[in-house]
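Q: Quick note on numbering: the sequence shown equals residues 1 to 187 in the UniProt record's numbering. Backbone N, C-alpha and C fix where the C-beta goes; we use that ideal spot for every residue, glycine too. Please read all numbers here as calculations on a predicted model, not as lab measurements.
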Amino acid sequence: MLADPPGPEEDDEDRRELFEFEFSNQPLLPCYNIQVSLSQGSRNWLLLSDVLRKLRMSARSFRSSFPHMKVVTMAEAEFYRQASLSQLFSCPDELEGFQPDSKELLDLVEGSAELAALLGSTLECLDDRWDEPLEANVNAKANVNGNIRANANAKTNAKTKVNANFKAKANANRRLLSLTLNFDSDF
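1. Measuring alpha carbon to alpha carbon, tell me which of Trp-45, Met-74, Glu-76 ends up nearest Gln-113.
2. Under the criterion of a Cβ to heavy atom distance below 7 angstroms, does Leu-48 qualify as lining the ligand NAD?
3. Check whether the Cβ atoms of Met-74 and Leu-106 sit closer than 8 angstroms, and answer yes or no.
4. Could you name the residues of the same chain whose beta carbon sits closer than 8 angstroms to that of Val-36, not counting the 5 residues immediately before and after it, in chain order?
5. Among Met-57, Phe-23, Gly-111, which has the Cα closest to the Cα of His-68?
6. Starting from Arg-43, follow the alpha helix (DSSP H) in both directions and report where the run begins and ends.
7. On the three-state DSSP scale, how would you describe Val-109?
8. Run through DSSP, which three-state label would Asp-101 get?
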């Protein structure tokens, strides 16, 4: 997923590469790189129906709770055309449920850091500025990669600690049960 996909209004001089990585303990919702307006380039969008299903909310409550989140309506045929032609799209199976010639309307919600957090994800950004010296880019990438590894290690360590706590409690319960049974048999 691109954090800020380039649009036609940007000059090559102002362009920079910005990669956004999304992490979650659960499968991520499909994200589509779609252009919904001629005045903007392609942006990252999620199907509102997927978001509502995951949050267990109605469309009305979502819109009233998050009026600042951009929700747009698009014809299913146009959505299918853009999603299937996108260079960023890699899973044709996700489009099996859509009809390429349908006149139905789909609601899309724009992907954002707030929406990702709402869905239980965390975002990590890798910013590669072309005008910085090479060493700065390497150090920035190393920091991001280190943070990604640190987050993965922290999650692994937390799972290991939880498993160890469960084992310790199970062993303590077995010893307590054994002592109770021995105590009862003495009487």
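A: A quick look at the data gives this:
1. Rather than Gln, the amino acid found at residue 113 in this sequence is Ala. For Ala-113, the nearest C-alpha among the options comes from Trp-45.
2. As far as ligands go, the structure on display features none, and thus does not contain the ligand NAD.
3. yes
4. Arg-43, Trp-45, Val-72, Met-74, Leu-108
5. Gly-111
6. Segment 43 to 47 is the beta strand (DSSP E) holding Arg-43; no alpha helix (DSSP H) there.
7. strand
8. coil
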